[in-house]
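Quick notes on the structure that follows.
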Ligand SMILES: Cc1cc2nc3c(=O)[nH]c(=O)nc-3n(C[C@H](O)[C@H](O)[C@H](O)COP(=O)(O)OP(=O)(O)OC[C@H]3O[C@@H](n4cnc5c(N)ncnc54)[C@H](O)[C@@H]3O)c2cc1C
Ligand SMILES: Cc1cc2nc3c(=O)[nH]c(=O)nc-3n(C[C@H](O)[C@H](O)[C@H](O)COP(=O)(O)OP(=O)(O)OC[C@H]3O[C@@H](n4cnc5c(N)ncnc54)[C@H](O)[C@@H]3O)c2cc1C
Ligand SMILES: Cc1cc2nc3c(=O)[nH]c(=O)nc-3n(C[C@H](O)[C@H](O)[C@H](O)COP(=O)(O)O)c2cc1C
Ligand SMILES: Cc1cc2nc3c(=O)[nH]c(=O)nc-3n(C[C@H](O)[C@H](O)[C@H](O)COP(=O)(O)O)c2cc1C
Ligand code: FES
Ligand code: FES
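Protein chains in written order, with the working numbering: chain A, 1 to 317; chain B, 1001 to 1317; chain C, 2001 to 2263; chain D, 3001 to 3263.
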C-alpha cells in the first residue's frame, strides 16, 4: 500500500459512510424509529434531538380515527413487552392537519405506516398521503385483520398480501415498504408476494401475537386479551425471518425486532437487512439511536470498511 | 356451614389433590419434564430425586440413530435460549435396550417423544414402542421436516398433520399426545386436525424458529444456523397458543414454553391446559418441579379449592 | 381547562442521579433520596419520574414513581417505593453512591388546592399528596388511610407542616379512625371546596362517588402500566368522557367527573 | 479407556456457597474463593462447576468454570474468572458474604499425569492446570502462555509448588519466552511422556499437531456453551472420531487423538 492509498484508506476510516438507499428512500444512516412506540414524533422530539436518527416511521394511520383497545394496554414480559394499543390513531385527516406539519419541520425521512380493514381503505389512505408534501415513503402494515376474510391478518396469506399491495401500488408513486407479520409458517412466500405486487422494500417483523394472564383476577392481563410481543425476547425470531425474507426477494429489507445494541443492528444487517428500525428499545433508552449510529461507525472503522454495503447479508454467503 | 362441612373443607385445604388425567395418562400432579432438555432422565435422576415430578417426556426417538447437528448447538438469548441439537438420539432399538429399563425403575409416568422424517417412520416407531412395557403414552413431535413435501414441518399443514396422526393412531393404543409447532399462522386449525385424526391430547408449544449471528465471525452463531427458541422469552406466545388450541379442541392440553414459576404454570392452566411441562426452566433451577408443585398446592389452599379442575381454562370463560 | 397544562417548551429532563440515601420504611417499603437538580427545580406536586433500571438489567422498562418531596435549593428529590415486583425490588436494593437515570418531571400534576381542601391519600398515595400538602401555606386536611397501621409508612414527623390538619384511618382500626378513606371523607367533606386523591382504585371509585354526590370538585391521580412515560406510545390510557387519555401525559391527575373508573 | 471414568453413584452436589473472597486480578479478571465443602472434597483436577446466577437474574443459564484450587480440609474452592459478558461480570461483582449456588464437580477431569509431564496453559487455561500441577508431587513442567504479560494473571507466588518447573511465554515477548505456547512446547517436548493442555482453540490445535507428530500422548480440555452441565441436553458436544461427545459429561478432557478440533 503506497502512502497515498494509505491516506485515502485512513480518511475513509475516519468517516465511514453510513448512508443507505432503502427502496428509494435515501437514509443518512440505517437507523429508523419503528412505527408505534414513537407516536408521531413530537414527544420524543422534546426528549432528544433527532440528530442520530435517519427517519421516523410514524404510528399507523387509518382512514377514520380508531379509538384503540381498552386498558391495560401494555405489560412487561421477560426481556420484552406486550402491547395491545389496538392501532389507536386520530385518522388520516387529523394526521395530515395536526401531525404532518410538525414532522415536516424535522430534518428526517418521514415514512407513514398505513393501516386498514379492507383493501379499499388501504388504497384510499395511500392515495391521499401521496398527494401530501413531506412524506418520503409509505409502510403498509398488513398485520391488520382482513374483515372480509374472517378476520385473519392480510399478511398471513400470500394472495391477500398480493391484492392489497397491488391495490396500494396503483395509488402511489412513493417508495412503498410492506411490513410483514411474523405469525406465519413461511415468511419467504409472503415476502415474495409483496415483491411481485410491486413493493419497493420489505419491513419485518411486526410483533408476535401473545398474552399473559393475571392469576389473581383469573383474566387476561391485557384489556384486549391478546397483544403483540416485542423487544429483545423476539430478536432471534426476527433475525431468522429477515434472513429468510432476504433469501426470498431482491428488494431491500428493513429489519426490526428487539434491537438494543449496535451488535444487534449489525446482526440484522449481516442477515440481509439494508436498514434497521427500533421500537421497544427506545423505552429502555431514549438515546438509543446515538448508541446504534456510533456503534456502527466504530465497527466500520475497526473493520476498515467504507460503508455498510459489503456487510449486507454477509452471514448468508 | 356446619362443623362437619367446615372440617371437610379444612381437610381438602390441607391436601389439595393435584392429580389430573391427561388424555388417559393419570398424573399425580400436573408437572412434567418436557421432551429434550431432560434427555432420557438419567442425569437429572442423579441430580434430584423425582418426587415432585409427575412424569418425564423423554427426548425424541427415531427409527434409526440420528447424529444431530454440528456445534455450537446452544446459545443464550435474552430470557431464553436457542438450541439446534438436531434431535440427536440413539435410535429406537438402543432406546429400548439402554434407556427404557432405567426409566421403568422410576416411579414416574414415562411418555416417549416420537420423531420421524416420514409418516412411515413415525408409524413404525409408535408401533414398536406400543409393544413395550413401562411406557404410559406417546408424544408425536410433528415439528420435524416432511422430507417428501419439500421439508416444511408436518405440523405447519393441517392435511399432513391429519395424515401422520391417523397413521400413528392405527399403530398404537397408548394415550397419544400430538406436539405442535408454534411456527404457524393458525394453531387452532392444526390442533383440530390432530384431534380429528384421533389424538388424545395436544402438547404445545415446541420451540420458535430463530437464530443469532456472530458479528466477529460474520456467520450464524449456531452450527445449524437456525435453532429453536425456548424459555421465558416465548411464554406469552405459548400461552396465547394454548388458549387458542383450547378454544379449538375438546381433548386436554399439555402446555409448555418458558415456565419458571408456579404463577406461570397457573397461567397455562387458566388458559386451558390440563397439565404443564418444563424444559429450559430446569437449566435455571434443577429443583423447579418442587417449586411448581408446592406453589400450585399453596395456591389451591389459598383459594380453598380441592383440585385443579375448576381452574382449567377459567380465564377464557 | 385548568388542569391540562399546555407544554410549549420541553419541561422535562434526563438526569443521571446519585442515590444519596436509601432507607427502609418497614418491611416492603423504602424511601430513596436522589440528587436530581434539574428535576427538583421543575417538579410540581403530582408529577412523577420514570426511573430507568440499572445497566445490569438492560431489558426492563423504566418504572414510574411520584415525586414525594423536592428540595430545589439543594437539588434533591425523594421518592417512596413499595416493593411489588422486580423493578421496585431492584430500586430498594440500590446503595447510596450508585446512580439511577431519571426522566422527569412528567405528567400534569395537581392544580393548586384552594384553602380548606381535603387531600385523600390511600397507602402509597401519600407520596404525591404529602408534596401537595407542603406546597401551600393555608389550611388543608390530609386524610392518610390504609388497610392497617403498618401500611401507614410515613411517620407523624413527616407531616409537621404548618396549617396542615392530618387524620389517619385504618380499615382494621390499628391506627387512627377505624374505617375506610371513604368513611372518613364522608364525615368531613361538608365544607371542603375541593378534594385531591391518590390511592388504590376502589378508594378512588368511592371518592369520586362521594364528591360527585356532594358536588365537590375532585381531582384523582391514577396509575397505569407505562412504557415511554412521555405520551408517545399511547400505552397507558384510561377511559374518560372525552375518550382515552394518556395517564403519563394528559394525567396522572384527572378531574373526577371526566375519568371513567370502572368502564 | 483410562480417561472416561464410569459414574456409578452420583458424584456431584448442589451447594449454596458463601463468597469468601473476590479479588481483582487485573482489569477484566478476578479470583473468587467460595465455601463449598462437598465439592471441595470430591473435585479432581480438570473438573468444573456450574455456577447459577443470582436471584435477580432468574432467566440466565448457569456458567461453567474450572476449579482452580480445592482445599478439602477447609471446604474451600477457588475459581478464576475472565470477564467476557454479562454472566462473568455478575460473578465479578459478587461481594463477600453473598451466596452463589454451585453444581459440581462436573466432567471427567484429567487422568493423573505421569512424572515428567508437560502442562500447557493458555490464558485462563491455567485455572485447571495449576490444580493438576499441584495434585502430584513428582517433576512436571507448566508452560504458562498468553498473548501478552497482562494476561498471565497468576502471579509467580501461586506456583511455589515443589518439583514444578514453570516456563512462561508471551506472543509479544512482554514476559518470559517470546513466542507461542506451541513454540515453547516444541522446544521441550522431547522427553515428555504426556502433555496436558487447556487454552484457546488455536493453541489446542497446535498442541494436538505437535503431540501427534511426536507420538506423545496428549489430553486436551475443551470448552463449549452449556445448558444443563450434566449430560442431559446434548447441547455441548464436540465432534470426535467416535461421534459427538458431550464436553460436560464425556469431557471436558479428551484424548487429543480422538477429538476433532476443526471439523
Ligand atoms: C404515575 C405513577 C406514579 C406512581 N407512584 C408511585 C409511588 O410513588 N410509589 C410507589 O411505590 N409506586 C408508585 N407507582 C407504582 C409503581 O410504578 C409500580 O408499583 C411499579 O412500577 C411496579 O414495578 P415492579 O417491577 O416492582 O412490579 P411489577 O413486577 O412490574 O408488577 C407488580 C405489580 O405491580 C403493579 N404495577 C406494575 N406496574 C404498574 C404501574 N405502572 N402502575 C401501577 N401498578 C403497577 C401490577 O399490579 C403488578 O402486578 C406509580 C405508578 C404510576 C403510574
Ligand atoms: C468446562 C469449562 C470450564 C471453563 N472454565 C473457565 C475458567 O476457569 N475461567 C473462565 O474465565 N472461564 C471459564 N470457562 C468459560 C466461561 O464459562 C465463559 O467465559 C462464560 O460462561 C462466559 O459467560 P458470560 O456471560 O460472561 O459471557 P457471554 O455473554 O455468555 O459470552 C461472551 C463470550 O464468551 C464465550 N462463551 C460463552 N459461553 C461460553 C462457554 N460455555 N465456554 C466457552 N466460551 C463461552 C463466547 O465467545 C461469547 O461470545 C469455562 C468453560 C467451560 C465450558
Ligand atoms: C407500543 C407499540 C405500538 C406499535 N404500533 C405499531 C403500529 O402502529 N404499526 C406497526 O406497523 N407496528 C407497530 N408496532 C410494532 C413495531 O413497529 C415493531 O415492528 C415491533 O415492536 C418490533 O420491534 P421492537 O422489538 O424494536 O419493538 C408497535 C409496537 C409497540 C411496542
Ligand atoms: C435443548 C432442547 C432440546 C429439545 N429437544 C426436543 C425434542 O427432542 N423433542 C421435542 O418435541 N421437543 C424438544 N424440545 C422442545 C421442548 O420440549 C419444549 O417444547 C420447548 O423447549 C419449550 O419449553 P421451555 O421453554 O420450557 O423449554 C427441546 C428443547 C430444548 C431447549
Ligand atoms: S406510557 Fe407511553 S403514552 Fe403513556
Ligand atoms: S450442557 Fe447439557 S449435555 Fe452438556
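No residue lacks a Cβ here, since even glycine has one placed at the ideal position from N, Cα and C.
{"query": "Residue 2227/C and residue 74/A closer than 7 Å at C-beta", "result": "yes"}
{"query": "Cβ neighbour criterion (16 or more within 10 Å) applied to residue 1062/B", "result": "buried"}
{"query": "Those runs of the alpha helix (DSSP H) which lie wholly inside the segment 2017–2085 of chain C and span at least 4 residues", "result": "2037–2042"}
{"query": "At least 3 beta-carbon pairs within less than 8 Å: the segment 1224–1240 of chain B vs the segment 1071–1085 of chain B", "result": "yes"}
{"query": "Residue-chain proximity (residue 2057/C, chain A), Cβ-Cβ < 7 Å", "result": "no"}
{"query": "Residues surrounding ligand 8 [beta-carbon distance to nearest heavy atom under 7 Å]", "result": "Absence of ligand 8 from the depicted structure is noted, with ligand 1, ligand 2, ligand 3, ligand 4, ligand 5 and ligand 6 being the only ligands included."}
{"query": "Under the three-state DSSP convention, the category residue 2106/C falls into", "result": "strand"}
{"query": "Cβ shell of residue 3081/D (< 8 Å), same chain only, five flanking positions each side left out", "result": "3029, 3030, 3031, 3032, 3065, 3088, 3091, 3092"}
{"query": "DSSP bridge partner residues for residue 1214/B (one or two, in chain order)", "result": "1219/B"}
{"query": "Sub-7 Å separation of residue 2113/C and residue 2196/C beta-carbons", "result": "yes"}
{"query": "Contact with chain A by residue 2017/C, beta-carbon distance below 7 Å", "result": "no"}
{"query": "Residue span of the beta strand (DSSP E) that contains residue 3238/D, given as start and end", "result": "3237–3240"}
{"query": "Contact set between residue 81/A and chain C, taken where Cβ atoms lie within less than 7 Å", "result": "2061, 2227"}
{"query": "C-beta neighbour in chain B for residue 3253/D, strict 7 Å", "result": "no"}
{"query": "Sheet register partners of residue 2243/C (DSSP bridge)", "result": "2240/C"}
{"query": "Contact with chain C by residue 74/A, beta-carbon distance below 7 Å", "result": "yes"}
{"query": "Three CB pairs or more closer than 8 Å across the segment 1258–1278 of chain B and the segment 3202–3219 of chain D", "result": "no"}
{"query": "8 Å Cβ cut-off: residues of chain C touching residue 377/A", "result": "The requested residue 377/A does not occur in the structure, where chain A is confined to residues 1 to 317."}
{"query": "Proximal residues of chain D, C-beta to C-beta of residue 1047/B below 8 Å", "result": "3010, 3012, 3014, 3103, 3230"}
{"query": "Which of helix, strand or coil DSSP assigns to residue 1230/B", "result": "strand"}
{"query": "Distance cut-off 6 Å: residue 3048/D Cβ against heavy atoms of ligand 2", "result": "yes"}
{"query": "Residue 110/A in three-state terms, based on DSSP", "result": "strand"}
{"query": "Secondary structure of residue 1101/B, DSSP reduced to three states", "result": "helix"}
{"query": "Best match in 1030/B, 1024/B, 1025/B for proximity to residue 1312/B [C-alpha to C-alpha]", "result": "1030/B"}
{"query": "Presumed contact (8 Å Cβ cut-off) between residue 3149/D and residue 3142/D, rounded CB distance", "result": "17 Å between Cβ atoms; not a contact."}
{"query": "Residue 323/A versus 190/A, 92/A, 296/A, residue with shortest Cα-Cα distance", "result": "As displayed, chain A neither begins before 1 nor continues past 317, which places residue 323/A out of reach and without an answer."}
{"query": "Residue 135/A to residue 101/A span [Cα, whole Å]", "result": "11 Å"}
{"query": "Proximity test, residue 1067/B beta-carbon vs ligand 4 heavy atom, cut-off 6 Å", "result": "no"}
{"query": "Residue from 2218/C, 2202/C, 2013/C whose Cα sits closest to the Cα of residue 2123/C", "result": "2202/C"}
{"query": "Residues of the segment 1200–1222 of chain B with Cβ closer than 7 Å to any Cβ of chain A, in chain order", "result": "1208, 1209, 1210, 1211, 1212, 1213, 1215, 1218, 1219, 1220"}
{"query": "Any non-hydrogen atom of ligand 1 closer than 6 Å to residue 1268/B Cβ", "result": "no"}
{"query": "Residue 1134/B beta carbon near ligand 3 (any heavy atom closer than 6 Å)", "result": "no"}
{"query": "Contact list for the segment 38–68 of chain A against chain C, Cβ threshold 7 Å", "result": "38, 39, 43, 44, 46, 47, 67, 68"}
{"query": "CB contact check: residue 2235/C to chain A, cutoff 7 Å", "result": "yes"}
{"query": "Residues of its chain near residue 1168/B, where Cβ-Cβ distance is below 7 Å and the 5 sequence neighbours each way are ignored", "result": "1122, 1123, 1126, 1140, 1176"}
{"query": "Cross-chain neighbours of residue 158/A in chain C, by beta carbon under 7 Å", "result": "Near residue 158/A there are no residues of chain C at all, since even the closest Cβ is about 31 Å away, more than 7 Å."}
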